[in-house]
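Chemist: The structure's right below; bear with me while I get my questions together.
Numbering (my numbering), first residue to last: -11 to 871.
Written out as structure tokens, the structure reads:
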């Protein structure tokens, strides 16, 4: 039997060695499979996976060869990415499943199963003859492979490699190339355990033992242990991951299991035109057609997918094993392919602040190959040895969406919820009572530091209640009737006139010539622009299917980008799917290595030149610095087909001016934004432009107006529009003093927090911030807990994933903003005092909610608006004459 370089280490440290795929490998250590499984889920497990095959594919035709022999789209990979893929035969069955890693432009690593390594090699040798400029090498003996999986895995690697930037970018399937003791090591965010924090390392054979032992030394402080193949198998089963010889290969009757019978295979099969006639394409297309019929609940012949792999949760005591029959009543529908009793950790509650406990549970689960028309929630029986087990078809056994922990998905009994009938009058009374309590708490007892919120002045709030609230006032320029706006309702002269004043005042504030105020949110503002750009792009062709935006450049959501500028958000239906990557055609701004809150302009210039986007979207929701509008304007002005340069200023709209930045002076084509974050308004949105008539850009502006109405709105919420006019008056009258104080307060707050021992994100040379935001780093995955503790002490903040966190549930950041409390009169010294209170709460673990409420009591009168002696008579007039 073959042995890995760690074989002697395994034996010396209690490894129970068994034969697997022609290798002598540890199935477990003295800790045992169950404990290794549980430790991986709670802390982490280190696995020797060097028995797996590692083929290096290089050369000019490397991609062509891989496109031919694998089911996924190898051309979609950029350098530093990987993908799950399958080696298919002509019948659409799996020779093997595998993982492909792209190291550079023409160098790939393909990892295959240990038991299939020789078979795969022989198959590839036959196929590569068609690709003389591709080279295939088996480096399984010279490059080892380790898998570090689990919640503490990243902490261990950060300590070993000394710098978080040496690790792959956040996001599954990313990889990086770094060094360990002067030798190249490849690290990928991959694994086969279902853990959201998962890493695999490709290590030179001679450095393997050293790195393994160092990982365990560092890992010991995090309770990480070595784990064997037994735990790896139970972990992959719990994660619903297929294994060759079980879910792939042949069934009990010796029939080949079709590739697309496995749920995970949907992500591993591509029919991109770039792949050409790859091996198994026609058979897989037939399977795919049936799969779509089955997923759409349509009648299906089931010729190509008679059965599918499905997950079954077993409710009775006992374990299902491979080969056990699965029945619905007395009808045999298939067989178990993998099954076991699996232990799991319990959490103390649901939600983002849930914590893993010391309490364990045990459940019986399996993966079965059963009639393809069987649906989720179907109850089944499994005929195990000597007994019948009751089970139910479930979507999956495990969730990995909330790092750093994976979470067990248990079948819940459906309980009928009966709501107590208190009677509508009492419910109405309670609604008013609780609303008053909440209003008083938020306005008089808490310090609000959420950077995306702003309390409007009393005058603005009362105006939003006035008639024309609830009315309609659609209007549109109709050329045949002149250049004036034509209203479609009577009784609207007042509000249309006020809307015109709002356009004038907002244009004055922003320093632009066009404003579209009818959009009712920042998200809708962006959607209006995106839709208008698609409309403009298709203006000459009214017959064929609309072409979407070919390519868009924006900030990555995980690096602080706006949700409303993402394919996940408002951009979803307006950007093409890239024919190469088969993903939305979006490229992200690269960030500076030493300051992830700033754009790397040199790399950005290269990306713009390479991709030539039609739209560039600046603006972030996690924003510490002005955006490089002028610099990017300079880059795009050298292009023949200039992209539209848009700045989503949702968070910083109220800061436009000499103390922050002036986007139109710097070269922005379009500005969008929300009017209730740093701006003084109620919740609405705006689109603004600075475009000359007769230009291409002005045609875009006309498209934006058409999209605002009738494309996006029918009623543009006239009450809040009236309130926004008053807020814009306030901005133009008091805005400069407010902006200066906001930025000064933010810098003082950041410095005070740093002096109190907190880690403050950002550049210390500019006092950590140049906006209203201050971002604290309170420790990996501690953001939600700390935010909840602050709320219990009457300080409201926003927990936030920083650029190196995997997601919101692993947030290490607190995103704070000083804009609202600045408006309530807080100055630099007050924010310094607040920083001291936060130290008491977070670091000293004190409960001081009453003290915070008393402190807030000093700041209840709003500034930067009409003074009370002038506003109160106006408010009284509104109330007296209207209510």
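Just so it is clear, CB atoms sit at the ideal spot from N, CA and C, and this is done for glycine as well.
In terms of residues, what are the limits of the beta strand (DSSP E) holding residue 289?
Modeler: No beta strand (DSSP E) contains residue 289, which DSSP labels as neither H nor E.
Chemist: Relative to the C-alpha of residue 728, which residue among 796, 773 and 643 is closest?
Modeler: Residue 643 is the option with its Cα nearest to residue 728.
Chemist: Going by beta carbon distance, what residues of the same chain come within less than 8 Å of residue 386, once the five residues before and after it are set aside?
Modeler: Contacts found: 182, 226, 227, 228, 394, 395, 396 and 397.
Chemist: Alpha carbon to alpha carbon, how far is residue 623 from residue 614? Give it in angstroms, no decimals.
Modeler: Answer to the nearest angstrom: the Cα atoms are 17 Å apart.
Chemist: Pick out whichever of 523, 577, 525 and 562 has its Cα sitting closest to the Cα of residue 545.
Modeler: Of the listed residues, the one whose Cα sits closest to residue 545 is 577.
Chemist: For the candidate residues 647, 251, 851 and 653, whose alpha-carbon lies nearest to that of residue 633?
Modeler: Closest by alpha carbon: 653.
Chemist: For the beta strand (DSSP E) that contains residue 5, what are its first and last residues?
Modeler: Where residue 5 is concerned, the enclosing beta strand (DSSP E) stretches over 4 to 8.
Chemist: Please work out which residues of its chain come closer than 7 Å, Cβ to Cβ, to residue 589, disregarding the five sequence neighbours upstream and downstream, and give them in chain order.
Modeler: Excluding sequence neighbours, residue 589 sits near 616 and 619.
Chemist: Among 140, 5 and 45, whose alpha-carbon lies nearest the alpha-carbon of residue 767?
Modeler: Per the Cα distances, 140.
Chemist: Are the region 800 to 808 and the region 721 to 738 in contact at 8 Å, needing three or more beta carbon pairs?
Modeler: These segments touch.
Chemist: Should residue 683 go down as buried or exposed, given a rule of 16 or more other Cβ atoms within 10 Å for buried?
Modeler: With fewer than 16 other Cβ atoms within 10 Å, it is exposed.
Chemist: Name the DSSP bridge partner or partners of residue 133?
Modeler: Looking at the DSSP assignment, residue 133 forms a beta bridge with 190.
Chemist: Please report the distance separating the alpha-carbon of residue 206 from that of residue 189.
Modeler: The straight-line gap from Cα to Cα measures roughly 16 Å.
Chemist: Suppose contacts are defined by Cβ-Cβ distances below 8 Å. Is residue 765 in contact with residue 800 by that definition?
Modeler: In contact: residue 765 and residue 800 (Cβ atoms closer than 8 Å).
Chemist: My understanding is that residue 230 touches residue 794, with C-beta atoms under 8 Å, so please give their C-beta distance in whole angstroms.
Modeler: The pair is not a contact, with the Cβ atoms about 24 Å apart (cut-off 8 Å).
Chemist: Taking the alpha-carbon positions, what's the residue 364 to residue 852 distance?
Modeler: Roughly 58 Å between the two C-alpha positions.
Chemist: Confirm, please, whether the CB-CB distance from residue 43 to residue 95 is below 8 Å.
Modeler: Not closer than 8 Å, so no.
Chemist: Apart from the five residues on each side of it in sequence, which residues of its chain come closer than 6 Å, Cβ to Cβ, to residue 566?
Modeler: Here the set comprises 573.
Chemist: Identify the continuous alpha helix (DSSP H) that holds residue 496 and give its terminal residues.
Modeler: Element bounds for residue 496: 481 to 498.
Chemist: Which residues does DSSP pair with residue 89 in a beta bridge?
Modeler: Answer by DSSP bridge pairing, in chain order: 70 and 97.
Chemist: So the candidates are 547, 485, 551 and 355; which of them puts its Cα closest to the Cα of residue 514?
Modeler: Answer by Cα proximity: 551.
Chemist: In this structure, what does DSSP give as the bridge partners for residue 853?
Modeler: Residue 853 pairs with nothing; no bridge assigned.
Chemist: Bridge partners for residue 395 per DSSP, in chain order?
Modeler: Answer is 387.
Chemist: In chain order, what residues of the same chain lie with their CB nearer than 6 Å to the CB of residue 751, ignoring the 5 residues before and after it?
Modeler: Correct list, in chain order: 583.
Chemist: Ignore the nearest five residues each way along the sequence and tell me which others in residue 677's own chain have a CB closer than 6 Å to its CB.
Modeler: Here the set comprises 502, 658 and 689.
Chemist: DSSP three-state call for residue 518: helix, strand or coil?
Modeler: Reduced to three states, the DSSP call for residue 518 is helix.
Chemist: Tell me, please, which residues DSSP counts as bridged to residue 313.
Modeler: Paired residue(s): 323 and 371.
Chemist: Residue 712 and residue 742 - do their beta-carbons sit closer together than 8 Å?
Modeler: It is not a contact, given that the beta carbons lie outside the stated cut-off.
Chemist: State the Cα-Cα distance for the pair residue 344 and residue 392, rounded to the nearest angstrom.
Modeler: When rounded, the distance between both Cα atoms is 11 Å.
Chemist: So, residue 747 versus residue 490, is the Cβ gap smaller than 8 Å?
Modeler: Result no, Cβ atoms of residue 747 and residue 490 do not sit closer than 8 Å.
Chemist: Taking only three categories from DSSP, how would you classify residue 214?
Modeler: If DSSP states are grouped into helix, strand and coil, residue 214 belongs with the strands.
Chemist: With burial defined as no fewer than 16 other Cβ atoms inside 10 Å of the residue's Cβ, what is the status of residue 818: buried or exposed?
Modeler: Result: buried.
Chemist: To the nearest angstrom, report how far apart residue 368 and residue 305 are at their CA atoms.
Modeler: When rounded, the distance between both Cα atoms is 15 Å.
Chemist: Please check the pair residue 169 and residue 198, which I expect to be a contact at CB under 8 Å, by giving their CB distance rounded to whole angstroms.
Modeler: Correct: roughly 7 Å between the Cβ atoms.
Chemist: Determine the direct distance from the alpha carbon of residue 530 to that of residue 295, and round the result to whole angstroms.
Modeler: Spanning the two alpha carbons is a distance of roughly 45 Å.
Chemist: Could you spell out the range, first to last residue, of the alpha helix (DSSP H) harbouring residue 301?
Modeler: No alpha helix (DSSP H) contains residue 301, which is instead part of the beta strand (DSSP E) from 295 to 302.
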